[in-house]
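Using the numbering used here, you'd call the opening residue of the sequence shown number 9 and step up by one each time. Some notes on the structure that comes next.
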Amino acid sequence: MKSKFNTQRYFPLIVFVIALAIYMSNIGGVSIYILDEAKNAACAREMFEKGDLVVPTFNHVLRTDKPPLHYFFMMISYSIFGVNPFAARFFSAVFGALTVLITYLFVKKFKDPKTAFWSVFVLLSSIHLSIQFHLAVPDPYLIFFLTAGILSFYAALKTEKKIYLLALYTSIGLGTLSKGPVAIGLAGLIFLLFLIFSKRFTWKEIKKLRPFSGAALVLLIALPWFVFNGLQTNWEWTEGFFFKHNFGRFTSEMEGHGGIFLITILFVFIGLFPFSVFWIQAFKNAFKNRKDDFMLFNLIAGLTIVVFFTISQTKLPNYTVPSYPYLAIITAIWLSNINLKEIKLNGSFMGMLVLSIIIVPGIYFGLKFDSALAHVNYIAWYFLPLPLGVIAAFVLLKKDKKEIALYTSGISGMIVAMIFFVFAFPVIDQQNPVAKSIHLLEGKEVRHFRKFNPSYSFYLQKEVPPIAENEFETFFEEFPDGIIISTKKRLRDVTLPESMEISFSARDILENPTTVLIRKKN
């Protein structure tokens with residue numbers, strides 16, 4: 009009895025530690041290279057160096073893309089660990105583990121320990137979720153605070169405890185500082201729909217939530233920074249952020265990230281693979297039991313987020329990740345309540361098997377036809393544990409060991425997530441042009457012409473000023489060993505003088521441009 013008691017008591021800590029281990033795997037072992045990561049990490053570095061908490065800049069130019077909360081946490085991390093990839097990603101992993109932890113605690117409190125276990129098991133099995141919590145971007149912060157706020161809403165309704173109201177509005181305020189008004193809009197829409205469909209949309213129920221004092225707390229947390237920033241930037245940041253990066257992204261396709269509504273659904277399905285193969289059964293069960301408040305709440309929360317970003321004209325895989333906790337809970341409710349001895353899982357496991365088997369050849373040939381990565385297509389074999397694990401699960405299923413089969417398939421996802429960051433992605437990372445050429449720029453005067461990979465800014469830890477075409481010769485006269493960074497596309501209409509040459513050229517991995525370095529001939 010004592011051993012069982014201690015296991016239950018410390019299980020939340022075990023959940024947190026396992027999640028943190030997965031999300032922190034090799035976060036310092038790959039470079040800050042992906043475009044969004046590089047701009048966010050470099051922006052935080054500039055704010056850190058200037059001691060400026062109000063005006064975000066990238067390459068000393070105002071950056072209007074995101075609010076400041078992730079910059080603040082990266083600045084704290086830089087002060088502890090130094091300016092490096094580990095520091096930039098540290099709090100992303102921490103907030104990822106916290107997201108898993110609060111999901112477990114919430115489900116355990118309002119459902120049961122078994123459903124709570126399956127909820128976090130589904131989340132930890134998601135390779136895509138692991139990727140999100142490995143990146144130095146604002147999404148991990150939004151995911152955590154939005155999840156905390158939405159779960160606190162339900163807890164506040166059910167218990168009427170003030171602590172949950174405080175957690176609700178504090179989380180929404182911090183979520184707004186993470187990624188903007190989407191935190192208020194999504195949470196508010198979920199709250200409204202749940203009150204309506206649960207027949208609680210009455211002043212008596214709404215009054216319990218103290219909406220006016222709550223709104224005041226959200227504004228108290230979020231508004232001061234927006235005001236101070238507006239005053240210091242003459243409202244330029246405000247205009248760029250709200251009109252371009254919020255309204256613009258929702259109403260029109262940006263940066264080529266568009267497509268039909270099915271793309272969003274596909275993102276979510278792949279994102280929660282392998283357990284997304286059970287969604288037909290899980291959602292059928294959810295709609296059947298939608299009169300249950302807990303089921304209805306998670307159904308509304310998950311579907312609202314997915315539908316919202318299905319409507320959005322700009323579509324990215326990370327947009328729908330805040331829906332994962334609720335979709336995982338819906339799946340977990342079905343998994344924890346089915347009679348494994350009676351139910352047939354053959355069809356779902358067959359789908360899981362087929363999808364997992366095509367992953368390895370898909371990656372192999374995908375890399376083979378990429379000229380920049382064809383020589384490292386062997387890393388496809390690093391993903392072999394997933395299909396092998398699912399094959400083992402399928403064999404166990406045939407032996408009527410269904411629960412062990414479920415565990416095996418989920419653990420396979422966790423293992424592959426860690427293998428991806430420890431072994432596979434570092435190989436890809438070393439093929440990027442910044443990793444290959446950064447040593448050529450160290451200690452030299454550097455300029456950029458029209459466009460450059462933002463990762464250079466993070467690693468050089470200094471401004472990379474722009475240069476005009478008519479300034480090339482003057483620059484090299486003053487700095488004979490200087491370097492100009494540009495891209496192949498930006499140089500199409502430029503004729504370099506005979507005294508200059510392109511000394512380095514490589515296509516950006518995971519991006520379209522080809523980075524080039526220009527220097528004076530020896």
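Positions of the beta carbon are idealized from the N, C-alpha and C atoms, including for glycine.
Rounded to whole angstroms, what is the Cα-Cα separation between residue i and residue j?
i	j	result
F429	N34	6 angstroms
S87	I22	29 angstroms
F277	L304	21 angstroms
K529	P505	10 angstroms
F251	F56	27 angstroms
S344	F302	15 angstroms
V130	N347	18 angstroms
P148	F94	15 angstroms
L231	G418	42 angstroms
L77	E54	15 angstroms
F161	Q16	26 angstroms
L28	F480	49 angstroms
T416	M358	15 angstroms
D60	Q240	11 angstroms
P325	K187	16 angstroms
K406	Y464	53 angstroms
S284	K122	19 angstroms
A380	M82	32 angstroms
F317	P189	14 angstroms
I351	V63	57 angstroms
C51	F98	16 angstroms
E411	I204	38 angstroms
P566	D120	Residue 566 is absent from the structure shown; the chain starts at 9 and stops at 530.
L518	G451	28 angstroms
A286	I192	For clarity, residue 286 is Phe in the given sequence; the question names Ala instead. Distance between the alpha carbons of F286 and I192: 31 angstroms.
K496	V435	24 angstroms
W243	P474	24 angstroms
K1	N306	No answer is possible for residue 1: it lies beyond the span of the chain, which begins at 9 and ends at 530.
G175	F275	Here residue 175 is Ala; the residue named in the question, Gly, does not match the sequence. Those two C-alpha atoms are separated by around 30 angstroms.
L70	G248	10 angstroms
N520	S331	30 angstroms
I427	S85	25 angstroms
Identify whether residue i lies in helix, strand or coil by the three-state DSSP scheme.
i	result
R527	strand
S133	coil
P474	strand
H265	Residue placement at H265 cannot be trusted, given a pLDDT of 48 that sits under 50; what the coordinates show is reported in the next sentence. H265 falls in the coil class under three-state DSSP.
M508	strand
I492	strand
F141	coil
V69	strand
K169	coil
P76	coil
L503	Note that residue 503 is Thr in the sequence shown here, rather than Leu. If DSSP states are grouped into helix, strand and coil, T503 belongs with coil.
P462	coil
R208	coil
D147	helix
G37	coil
S85	helix
S221	helix
M32	coil
T322	coil
N92	coil
P434	helix
Please report the Cβ distance between residue i and residue j, rounded to the nearest whole angstrom; I am assuming they are in contact, meaning their Cβ atoms lie under 8 angstroms.
i	j	result
A105	F24	5 angstroms
F234	T246	7 angstroms
F118	K169	The Cβ separation is near 13 angstroms, so there is no contact.
I491	V524	With 8 angstroms as the limit, I491 and V524 do not qualify as a contact, their Cβ atoms being about 10 angstroms apart.
G279	S134	6 angstroms
L225	Y177	4 angstroms
W126	A340	4 angstroms
M360	V398	5 angstroms
R498	R527	Between R527 and R498 the Cβ distance is about 17 angstroms, and since that is not below 8 angstroms, they are no contact.
I30	S138	6 angstroms
G90	P282	Not confirmed; about 38 angstroms, so no contact.
G183	L150	6 angstroms
D437	Y41	6 angstroms
V472	F484	With 8 angstroms as the limit, V472 and F484 do not qualify as a contact, their Cβ atoms being about 16 angstroms apart.
Among all the DSSP beta bridges, which residues are the ones paired with residue i?
i	result
H456	P474, I493
A514	T523
Between residue i and chain B, is there a C-beta pair that is closer than 8 angstroms?
i	result
R458	No chain B is present in this structure, which holds just one protein chain.
**Message:** Does the contact criterion of 3 or more C-beta pairs under 8 angstroms hold for the region 509-527 versus the region 441-449?
**Reply:** yes
**Item:** Stretch pair the region 141-148 + the region 40-54: three plus CB contacts closer than 8 angstroms
**Value:** yes
**Asked** Does the pairing of the region 187-203 with the region 308-323 give three or more beta-carbon distances under 8 angstroms?
**Response** yes
**Asked** Taking one C-beta from the region 364-371 and one from the region 390-398 each time, how about it: are there three or more such pairs within less than 8 angstroms?
**Response** yes
**Request:** Determine contact between the region 327-341 and the region 289-299, defined as no fewer than three beta-carbon pairs at a distance below 8 angstroms.
**Result:** yes
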